[in-house]
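Structure record follows, encoded as structure tokens.
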Amino acid sequence: MIDTDFLKALTEIPSVGTACQPIINLLHSRIGTTYPHRWVSDGYCLFQKRGATPNDLKVLYVAHLDEIGGCVYGKYSTGEGCITRTWGNVPSIFANATLQAFDYLAESANATFPVTGRVENVDGEDRMVLNGDGIRPYRTVFTFQQETTFQGDTISGKALDPRVTLYSVMEAALAMNSPEVGLLCVMAEECAMDVARKAVIYLQKTAPNLQLIINADVPWIENIGDGRLDLPAIRVFEGRNFIDPMVGIHAADVMERKGVEFHLSAARSGSQTLLFTPLAPTLSIALPSDGIHQPCYKMSLKGTQRCVTLLTALAEASLQNELIPTARNTK
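Position 230 (the sequence shown) corresponds to 1120 in the working numbering; numbering is contiguous.
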């Protein structure tokens, strides 16, 4: 069953760019006693079962922590407030929403404060100007403020991308309860995808036994082929990028034989999955949303549970060496 109390907290807490200490501390409060983490500032957190090392890793779940939002730059030269840079949507989407801001080094949601925005033309470009007590140029970040609600099968809230799939990989890792399975949480996917390279380089040096990487993310349902809110997908293509199609299709065959509920698909949009493909065979798991990067949009609780089931089944199959495609004899 989905822990809606924790999912509510996970989606409501603000963390933008690499200013992710609030959500990292929330995750640690949930799993830190049995899954301590390696934290690299402006980079990633790697959760592993207590006593395990990267050398033990065979299966690695990946999800990103950060949501869309923005950061404050300098003072607006022709009026009140500060110029901002926004990530994930146009300035007007933020200016017309209820916003919360916090210092880049804040460690919890208790440090947030209300701000308001307006759109101004700055040097021929629409920019959002932010107003509020407590704003500090070049170190204040902001995002939407929105309560997460549940009605029937529907989750409504902000930051469902990526927090619903982040919840799913966390639950799958806990269900596996194995030193051979880890959870990698990366930062800044919404604004600086290359930040994940810090984790890739670390794993390249320290995790030689990886045999499967599973990245999970949330695309808009319009961007995924045959998308359903209540059904996760294995994406063998993200935009123009190949995500190990042979591995993905073979994994789909294995999952079908096991009766796992999912579908095989491709997406017009992408995630950071491609960065991890040099390390090990890689799968891209998508659970779509109705709307994306908005102050409030919707996902499915049933889809979330099915996503946890799929992620767990994939790790189990990998550890049982069932997900390695067999080479064809070409003689």
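Heads up, the beta-carbon is just placed ideally off N, CA and C, and yes, glycines get one too.
- Which residue's Cα is closest to the Cα of Gly959: Lys898, Val1012, Thr1033? Thr1033
- Any contact of the segment 945 to 953 with the segment 995 to 1003, i.e. 3+ C-beta pairs under 8 Å? The segment 945 to 953 is not in contact with the segment 995 to 1003.
- Query: Taking the C-alpha atoms as reference points, what is the distance between Leu1121 and His918?
  - Reply: Spanning the two alpha carbons is a distance of roughly 28 Å.
- Item | C-alpha distance - Ile983 paired with Pro1185, whole-angstrom precision | 8 Å
- Which residue's Cα is closest to the Cα of Gly1129: Leu1164, Glu1070, Asp895? Leu1164
- Item | Identity of the residue in Ile1139, Asn1131, Ala1086 nearest His954 by Cα | Ala1086
- Query: When the distance is taken between beta carbons, is Leu1056 closer than 8 Å to Leu921?
  - Reply: In the sequence as presented, Leu is not what sits at residue 921; that position holds Ile. Not in contact: Ile921 and Leu1056 (Cβ atoms no closer than 8 Å).
- Which of the three DSSP states, helix, strand or coil, is assigned to Met1136? helix
- Counted within 10 angstroms of its Cβ, other Cβ atoms place Lys1095 as buried (16 or more) or exposed: The residue is exposed, with fewer than 16 neighbouring Cβ atoms inside 10 Å.
- Item | Proximity to Ser1068 [Cα-Cα], best of Val1090, Thr1006, Gln938 | Gln938
- Among the residues of its own chain, which have a CB less than 6 Å from the CB of Ile1293, if the five just before and after it don't count? What the structure shows of the chain is the stretch from 891 to 1221, and residue 1293 is not part of that stretch, so it cannot be assessed.
- Task: Name, in chain order, the residues that DSSP records as bridge partners for Gln990.
- Result: Pro1004, Thr1033
- Query: Among Leu1020, Arg1147, Pro1004, Leu989, which residue has its Cα nearest to the Cα of Gly964?
  - Reply: Leu1020
- Starting from Gln1041, follow the beta strand (DSSP E) in both directions and report where the run begins and ends. Under the DSSP assignment, Gln1041 falls in the beta strand (DSSP E) whose first and last residues are 1039 to 1041.
- Query: Short check: CB of Arg1125 to CB of Ala1176, under 8 Å?
  - Reply: yes
- Message: According to DSSP, simplified to helix, strand and coil, what is Ile1025?
- Response: coil
- Flag this pair as touching only if the segment 1167 to 1176 and the segment 968 to 981 have three or more C-beta atom pairs under 8 Å; answer yes or no. Between the segment 1167 to 1176 and the segment 968 to 981, the count of C-beta pairs closer than 8 Å stays below three; the two stretches do not touch.
- Task: From the DSSP output, in three-state form, read off Arg1130 for me.
- Result: coil
- Task: For the beta strand (DSSP E) containing Gly1047, list its first residue and its last residue.
- Result: Here the beta strand (DSSP E) through Gly1047 covers 1044 to 1047.
- Task: May I ask you to verify whether the segment 1178 to 1192 touches the segment 1104 to 1113, counting CB pairs closer than 8 Å and requiring at least 3?
- Result: yes
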